[in-house]
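Same order as they appear, the protein sequences are chains A and B. Yeah, the first sequence ends on 912 if you go by the numbering used here, and it's all consecutive. Yeah, the second sequence ends on 912 if you go by the numbering used here, and it's all consecutive. For each residue, glycine too, the CB sits at the ideal point set by N, CA and C. Below is one structure; the comments refer to it alone.
2 protein chains.
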Amino acid sequence: MNLLTRNTDYAARALLYMGGRRGQRVSTADIHRDLKLPRPFMRKILQQLQKEGYLVSVKGYKGGFTLALPPAKIRLIELMRIFQGDLSLSDCLFQKKICSCVAVCPLRRELKAAEKMLVDRLKGVTLADLMKK
Amino acid sequence: MNLLTRNTDYAARALLYMGGRRGQRVSTADIHRDLKLPRPFMRKILQQLQKEGYLVSVKGYKGGFTLALPPAKIRLIELMRIFQGDLSLSDCLFQKKICSCVAVCPLRRELKAAEKMLVDRLKGVTLADLMKK
DNA sequence: AATAATGATACCACCACTGTATCATTAGTC
DNA sequence: GACTAATGATACAGTGGTGGTATCATTATT
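Written as structure tokens, this is what we have:
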């Protein structure tokens, strides 16, 4: 059980890195050099972040990326949504028929509640929060 | 992101099923018939539960399993530990060097805290709780 | 003896995660 | 204008874990 996949983790690191250099243009090469993250993989991740509106990109020589939003508006939970898909965890693994079984649904209910608590907490975490510490 | 793998999920269902028939001996065939879960997979799961001391097994004709513990002593979190391994989530994906980077560790701290909250909650959930509802 | 169960264990298939590779395009530099 | 260094788009690839199946041995009841 891991809350974050590498996708999300790398994205968070990259954004933290960029948050520390606001105004500067950052290339995948910079991130690769300073954070030792695999370069082509980072490219793909940064491109996704750009598509999602979190980064502004500039092509060409001395191109790169800059944050499109203030760090306080970048939420960890949103990165998870982008790279890990829908957060509705704990969906019933079964057809409705079986799911309506009395023995089964209390389990879902518990998991859903635990999930909600977790997601609610993560909703509160922004890039700015992480930068402060 | 799914809190439970099928392993754990099936195990919980099977235990709930058996919790509803305490004293009776239950075979994988019974579970397969009533819960529509894949039979050989269930066998493996039940064997693991037996090894871990959650079930008592009887071999031979009319053999099967019974709960080895009262439902109040069977905790969801322990099933997760058995089938999903160590619950220390959110381990740093990096070598210590990089992990000590200022930009990185606040992320771990947040995730660890969220994880702890989740695990603490799940620690409170027993089979008996699930049977009540 | 036949049957129906578990014990142990090896094997297998699929898929998501974690990348890599390539070609096209763009923008500065010389 | 050619060169270079960046991104855009996209296709491809390796690998490990999840989710199973299969088989043989053993045991107990009929």
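My assumption, with CB atoms under 8 Å, is that residue 787 of chain A sits in contact with residue 848 of chain A. Please give the rounded CB distance. No, residue 787 of chain A and residue 848 of chain A are not in contact; Cβ-Cβ is about 17 Å, not under 8 Å.
Any chain A beta carbon closer than 8 Å to residue 819 of chain B: no
So for residue 783 of chain A, helix, strand or coil by DSSP? coil
Closest by C-alpha distance to residue 906 of chain B, when choosing among B:884, B:850 and B:835: B:850
How big is the Cα-Cα spacing for residue 837 of chain A and residue 843 of chain A? 5 Å
Exposed or buried, what is residue 903 of chain A when buried is set at 16 or more other beta-carbons lying within 10 Å of its beta-carbon? exposed
Determine the extent of the beta strand (DSSP E) in which residue 905 of chain B is found, giving its start and end residues. From DSSP, residue 905 of chain B is part of no beta strand (DSSP E); its letter is neither H nor E.
So, does the CB of residue 907 of chain B fall closer than 8 Å to a CB anywhere in chain A? no
Should residue 828 of chain B and residue 910 of chain B be called a contact, given that it needs their Cβ atoms to be closer than 8 Å? no
Taking the alpha helix (DSSP H) that residue 855 of chain A belongs to, which residues open and close that run? 855-863
In the DSSP assignment, what are the bridge partners of residue 844 of chain A? A:805 and A:836
Please name the residue, chosen from B:852, B:800 and B:807, that lies closest to residue 832 of chain B on a Cα-to-Cα basis. B:852
So is residue 854 of chain A in contact with chain B if we call contact Cβ pairs under 8 Å? no
Through-space distance from residue 783 of chain A to residue 800 of chain B, alpha-carbon basis: 39 Å
Members of the segment 882-902 of chain A that neighbour chain B once the beta carbon cut-off is set at 9 Å: 882, 883, 884, 885, 886, 888, 889, 890, 892, 893, 894, 896, 897, 900 and 901
Going along the chain, which residues of its own chain have a beta-carbon closer than 6 Å to the beta-carbon of residue 806 of chain B, five neighbours each way excluded? 843
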